[in-house]
Amino acid sequence: MSLKARILIVEDEASQLAVLEYNLTSAGYEAVKATDGQEALQLIDEQMPDLILLDWMLPGISGIEICRQLKVRKDTQAVPIIMLSARSEEVDKVRGLETGADDYLQKPYGIKELLARVRLQLKRARPATTGAELWHGDLRMDTAGQRVWCADHEIVLGPREYALLLALMERPGKVFGRGALLDQVWGRECDVETRTVDVHIARLRKALIKYKGENIIRTIRGSGYSLF
Ligand code: CA
């Protein structure tokens, strides 16, 4: 699994979009782009981003409305949103944050500042992308060395099981659909069947139960899996 964070850029001005895409890709992120709200919402369903850069003024559904929608949806509310706007009034900034946006940048902004804000939001939302350790009870994951321990015992996992556990540990309590796990662990272009996810989850469970003595991966009928 790639640790590259996926950033969705929603911006209707082609030049702005190109500049953002170039700079984010150069900084090591995977950039996906949408030029209006409808396209953005569709992309989010297909490839859940780790962070969203959202232009305020968009044709059709406004940036604020998209932000509001995403922040009430269970599957998207934890995804950080940085609003981008040409408006300068303080009142707009307040309104932007009231809709649930995690940060706000006024155009024209410096790319260095934008990248710093992106890093900060990702670090908050997805610590593994910044090379940290992840903890869940007595379970510890070293994301740089890709190793996992339970108390003092190392749990040796296959690469798919490791990547599945990483996804679950990054967002404990979140329910991951099989499609989302497939997308995150196997990648978008593969034609692996969703039941493959079940097979690898079963292996991961078995390995965890061996050391923890209990099952910590919950199956949500009809939805997917969650770490509790
Ligand atoms: Ca715009």
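Residue numbering for the sequence shown follows this note's numbering, beginning at 1215 and increasing consecutively.
Even glycine gets a Cβ: it sits at the ideal position worked out from N, Cα and C.
Worksheet item: Could you give the distance in angstroms between the alpha-carbon of Asp1226 and the alpha-carbon of Lys1321?
Response: 14 angstroms
Worksheet item: When every heavy atom of ligand 1 is checked, does at least one fall within less than 7 angstroms of the C-beta of Glu1368?
Response: no
Worksheet item: What are the boundary residues of the alpha helix (DSSP H) that includes Val1332?
Response: 1325-1339
Worksheet item: Tell me which same chain residues have a C-beta within less than 7 angstroms of the C-beta of Pro1273, skipping the five on either side of it?
Response: Asp1226, Asp1250
Worksheet item: Would the beta-carbon of Thr1313 fall within 8 angstroms of that of Arg1282?
Response: yes
Item to complete: Starting from the N-terminal end, write out each residue whose C-beta falls within a distance shorter than 5 angstroms of any non-hydrogen atom of ligand 1.
Response: Asp1226, Asp1269, Met1271
Discussion item. So, with DSSP's three-state summary, where would you put Glu1244?
Written reply: strand
Worksheet entry | Cβ-based burial, Ser1437 [other Cβ within 10 Å; buried from 16] | exposed
Practice prompt. Find out if the Cβ-Cβ distance for the pair Leu1222, Ile1280 is shorter than 8 angstroms.
Written response: no
Worksheet entry | Residues sharing a beta bridge with Arg1267, DSSP | The question names Arg, but residue 1267 in the sequence shown is Leu. Answer is Ile1223, Ile1296.
Fill in: Under 8 angstroms between C-beta atoms of Lys1218 and Glu1235
no
Worksheet item: Is the CB-CB distance between Arg1333 and Asp1317 below 8 angstroms?
Response: no
Practice prompt. Tell me, please, which residues DSSP counts as bridged to Met1355.
Written response: Leu1348, Val1362
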